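Read through the structure below, which is laid out as structure tokens, and then see the notes.
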Amino acid sequence: MRFTLKFGAVLLLCVIVAGVVVAIFPMQASLLFVRLTKAHVEPNHAVAWEQGPKEAAPNVADRRPNVIVVLADDLGYNGISLHDRGLADGTVKTPNIDAIAEQGVEFLNGYAGNATCAPSRASILTGQYATRFGFEFTPTPAIYGKLIKKLGAGKKTTELHPVIVDDAALKKLPPMDDEAMPRDEVTVADVMRDAGYHTIQIGKWHLGGAPGARPEDKGFDEALGFIPGASMYLKEDDPDAVNAMVSFSPTEKYLWAGASWSVQYNGSPRFAPTRYMTDYLTDEAINAIHANRNRPFFMYFAPNAVHAPLQATREDYDALPQIKDHTLRVHAAMTVNLDRNVGRLMAELKKEGLDDNTIVIFTSDNGGTHVIGLPDINKPYRGWKATFFEGGLHVPFFMRWPGHIKPGSQFAPPVAHVDIAAIAAAAAGTQLPPNRVNDGVDILPYLTGEKSGTPHHNLFWRSGGDAVLIQDGWKLQRTERPKKDWLYDLDTDPTERHNLADAQPQRLAQMTAILESISRQQAKPLWPSTFAVPVSIDQPLGVPMKPGDAYAYWYN
Numbered sequence: 057m058r059f060t061l062k063f064g065a066v067l068l069l070c071v072i073v074a075g076v077v078v079a080i081f082p083m084q085a086s087l088l089f090v091r092l093t094k095a096h097v098e099p100n101h102a103v104a105w106e107q108g109p110k111e112a113a114p115n116v117a118d119r120r121p122n123v124i125v126v127l128a129d130d131l132g133y134n135g136i137s138l139h140d141r142g143l144a145d146g147t148v149k150t151p152n153i154d155a156i157a158e159q160g161v162e163f164l165n166g167y168a169g170n171a172t173c174a175p176s177r178a179s180i181l182t183g184q185y186a187t188r189f190g191f192e193f194t195p196t197p198a199i200y201g202k203l204i205k206k207l208g209a210g211k212k213t214t215e216l217h218p219v220i221v222d223d224a225a226l227k228k229l230p231p232m233d234d235e236a237m238p239r240d241e242v243t244v245a246d247v248m249r250d251a252g253y254h255t256i257q258i259g260k261w262h263l264g265g266a267p268g269a270r271p272e273d274k275g276f277d278e279a280l281g282f283i284p285g286a287s288m289y290l291k292e293d294d295p296d297a298v299n300a301m302v303s304f305s306p307t308e309k310y311l312w313a314g315a316s317w318s319v320q321y322n323g324s325p326r327f328a329p330t331r332y333m334t335d336y337l338t339d340e341a342i343n344a345i346h347a348n349r350n351r352p353f354f355m356y357f358a359p360n361a362v363h364a365p366l367q368a369t370r371e372d373y374d375a376l377p378q379i380k381d382h383t384l385r386v387h388a389a390m391t392v393n394l395d396r397n398v399g400r401l402m403a404e405l406k407k408e409g410l411d412d413n414t415i416v417i418f419t420s421d422n423g424g425t426h427v428i429g430l431p432d433i434n435k436p437y438r439g440w441k442a443t444f445f446e447g448g449l450h451v452p453f454f455m456r457w458p459g460h461i462k463p464g465s466q467f468a469p470p471v472a473h474v475d476i477a478a479i480a481a482a483a484a485g486t487q488l489p490p491n492r493v494n495d496g497v498d499i500l501p502y503l504t505g506e507k508s509g510t511p512h513h514n515l516f517w518r519s520g521g522d523a524v525l526i527q528d529g530w531k532l533q534r535t536e537r538p539k540k541d542w543l544y545d546l547d548t549d550p551t552e553r554h555n556l557a558d559a560q561p562q563r564l565a566q567m568t569a570i571l572e573s574i575s576r577q578q579a580k581p582l583w584p585s586t587f588a589v590p591v592s593i594d595q596p597l598g599v600p601m602k603p604g605d606a607y608a609y610w611y612n
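Just so we're aligned, residue 57 is where the sequence shown starts under my numbering, counting upward by one.
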């Protein structure tokens, strides 16, 4: 009895102390909860990739092209060194990524499927605007909205423009695994598999983790990677890891607390990679290419580089002593690592004799993010990931197919991520489902000269109260907060410096009518927007916003 009373008193004291901690330090308590609820991770499992035929088809003409889509994560337009661009005033080189453009085509006006990760990926894999089937917002757990409410968007920014959190919507938000593509939504992987291709997904998914929404449920024969929107590259305390924790970023705080260093293979329990995540995923992509060298395959290779949390290997970090800013140096080292691994993929294709019969597409899911505090990652464009300015949407976009695409080509008309599925399907001799609206266009005939003109008359994006239309060189962006029209002539003003909304009332009215018409064709969001955060258009997070600075709220 005495023991029971003592135990009860201790338990009551613990509860009281915990309550006091939560009351006084709610942010720290929430982050601690995120850390403590990480899923269990098993030791590394060797991946046994399904082996294709021992010999290839004897007639080369009968071999359909392989297709590899390499999707970088949060890689800004200025992250690539092509045309003397590049990080740290062009001193950080990306020769292997540049080579895809130099040996194929550079899409001068390549646009992301959306300005954030998941809707962009949904567009890539379906060939549709993700809003057509309600995938309007990036899957996010409810606790993130609660943390944003506590953390704000940086002190000065929040003082001028407060973070908006919809508590009622947070209560309606489904579990993150259920924030997913509809189960009946057909992907390009479904189409390619039905056409006889072996389909492989490697890397980040971020399109749902519930049964029916996982990559192995969405057309992929084999899938190795992680379901959430971010992953650690190494354990935080790994002696080979060089970490850059951006202390002023709420998103960074959440990612360092919640991201896991783990992968799954075809729905297996989570297990640890063998080394730095981008290196490990590339190791396995090379193994998968070797396993499928004698049959046509479609590979969606989506490493999380260079998404936060920012971690580089010591070797890559030490190779960039000219960069004095620690955060930029880590980010640049991650970019160099990504480039080297793209080179490893291309070398494996050559080794297997597949490089001339493989279409390789390289792009980024959206522009670089403002939350890491680096000012020039989307140069020369304004804006960031989570804005519909060019910095959020205008991304590196290259394609290589020897013998079909002239080396060193440049294609100026706008193309977009929605085109990737159509390109892949056509190359495989098939098509996307004809019983739905497909927004993508097969660009290959425009590159070979079979077709001329512009593939897209209109391109459209929407997220919550914000929407964009690009039409014939003009771009209209309508924002809810501030309630404003932004109209630009991209042919003469590609960096969006001169808003012509007041000077072009007729064009504004015409484009507004088209934008609203397309918007009405989109589906209702599958889950609600739970928060809206202010984003400075011209300054990264960490630079205090001043009255009069351009800004827009991002809804998610």
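Ideal Cβ placement from N, Cα and C applies to all residues, glycine included. All figures in this text were calculated on a predicted structure; none of them were measured in a lab.
Endpoints, beta strand (DSSP E) assigned at residue 590: Looking up residue 590 in the sequence shown gives position 534. Its beta strand (DSSP E) spans residues 587–592.
Through-space distance from residue 301 to residue 602, alpha-carbon basis: Looking up residue 602 in the sequence shown gives position 546. Looking up residue 301 in the sequence shown gives position 245. Residue 602 and residue 301: Cα-Cα distance of roughly 25 Å.
Closest by C-alpha distance to residue 537, when choosing among 509, 593 and 492: Locating residue 537 in the sequence shown gives position 481, counting from the first residue. Nearest of 509, 593 and 492 to residue 537, Cα basis: 593.
Beta-carbon separation (whole angstroms), residue 456 vs residue 416, contact threshold 8 Å: Here residue 456 refers to the residue found at position 400 when the sequence shown is read from its first residue. Here residue 416 refers to the residue found at position 360 when the sequence shown is read from its first residue. In this structure residue 456 is in contact with residue 416, their Cβ atoms being roughly 5 Å apart against a cut-off of 8 Å.
Bridge partners - residue 468, DSSP secondary structure assignment: Looking up residue 468 in the sequence shown gives position 412. For residue 468, which the question treats as bridged, DSSP gives no partner whatsoever.
Euclidean distance between Cα positions of residue 161 and residue 95: Indexing the sequence shown from 1 puts residue 161 at position 105. Indexing the sequence shown from 1 puts residue 95 at position 39. About 42 Å.
Backbone CA spacing between residue 516 and residue 172 [nearest angstrom]: Numbered from 1 along the sequence shown, position 460 holds the residue referred to as residue 516. Numbered from 1 along the sequence shown, position 116 holds the residue referred to as residue 172. Between residue 516 and residue 172, the C-alpha separation is close to 15 Å.
Beta-carbon gap between residue 419 and residue 143 smaller than 8 Å: As a working note, residue 419 is residue 363 in the sequence shown. As a working note, residue 143 is residue 87 in the sequence shown. In this structure, residue 143 does not lie closer than 8 Å to residue 419 by Cβ.
Per DSSP, cross-strand counterpart(s) of residue 281: Within the sequence shown, numbered from 1, the residue matching residue 281 stands at position 225. Answer by DSSP bridge pairing, in chain order: 259 and 320.
Cβ neighbours of residue 598 in the same chain (closer than 8 Å, five flanking residues each side left out): Working through the sequence shown from its first residue, we reach residue 598 at position 542. Around residue 598: 210, 302, 304, 305 and 429.
Whole-number beta carbon distance between residue 491 and residue 193, since they are thought to touch under 8 Å: The residue you call residue 193 lines up with position 137 of the sequence shown. The residue you call residue 491 lines up with position 435 of the sequence shown. At roughly 26 Å, the Cβ-Cβ gap does not stay under 8 Å, so residue 193 and residue 491 are not in contact.
Close-in-space but distant-in-sequence residues of the same chain around residue 265 (CB under 6 Å, 5 per side omitted): Within the sequence shown, residue 265 is the residue found at index 209, counting from 1. The residues are 233 and 283.
Limits of the unbroken beta strand (DSSP E) element including residue 522: Translated into positions along the sequence shown, residue 522 becomes position 466. Residue 522 -> beta strand (DSSP E) spans 522–527.
N-terminal and C-terminal residue of the beta strand (DSSP E) that residue 125 is part of: By one-based count along the sequence shown, residue 125 stands at place 69. Taken as a continuous stretch (DSSP letters only), the beta strand (DSSP E) holding residue 125 covers 122–128.
Assigned exposure category for residue 80 - 16 Cβ within 10 Å defines buried: Here residue 80 refers to the residue found at position 24 when the sequence shown is read from its first residue. Confidence at residue 80 is low in this model, with a pLDDT of 46, below 50, so its placement is unreliable and the value that follows should be read with caution. With fewer than 16 other Cβ atoms within 10 Å, it is exposed.
Cβ shell of residue 489 (< 8 Å), same chain only, five flanking positions each side left out: Locating residue 489 in the sequence shown gives position 433, where the first residue counts as 1. Contacts found: 242 and 247.
Residue of 237, 299 and 197 minimising C-alpha distance to residue 225: Within the sequence shown, residue 225 is the residue found at index 169, counting from 1. The shortest C-alpha separation from residue 225 is found at 197.
Whole beta strand (DSSP E) elements within the region 425–496, 3-residue minimum: 453–456 and 465–467
C-beta contact flag for residue 607 and residue 590 at 8 Å: Position 551 of the sequence shown, counting from 1, holds the residue named residue 607. Position 534 of the sequence shown, counting from 1, holds the residue named residue 590. Cβ distance < 8 Å, so residue 607 and residue 590 count as in contact.
Sequence-distant residues of the same chain with beta carbon closer than 7 Å to residue 440, five excluded per side: Translated into positions along the sequence shown, residue 440 becomes position 384. Excluding residues within five positions, the ones whose Cβ falls inside 7 Å are 423, 424, 425, 426, 434, 447, 448 and 591.
Own chain, CB closer than 7 Å to residue 503, minus 5 neighbours either side, in chain order: Position 447 of the sequence shown, counted from the start, is the residue given in the question as residue 503. Hits under 7 Å: 161, 461, 465 and 467.
Per DSSP, cross-strand counterpart(s) of residue 608: Along the sequence shown, one-based indexing puts residue 608 at 552. Answer is 591.
Beta-carbon proximity check, residue 341 vs residue 258, cutoff 8 Å: Numbered from 1 along the sequence shown, position 285 holds the residue referred to as residue 341. Numbered from 1 along the sequence shown, position 202 holds the residue referred to as residue 258. Contact: yes.
C-beta contact flag for residue 195 and residue 186 at 8 Å: Taking the sequence shown and counting its residues from 1, the one referred to as residue 195 is at position 139. Taking the sequence shown and counting its residues from 1, the one referred to as residue 186 is at position 130. No.
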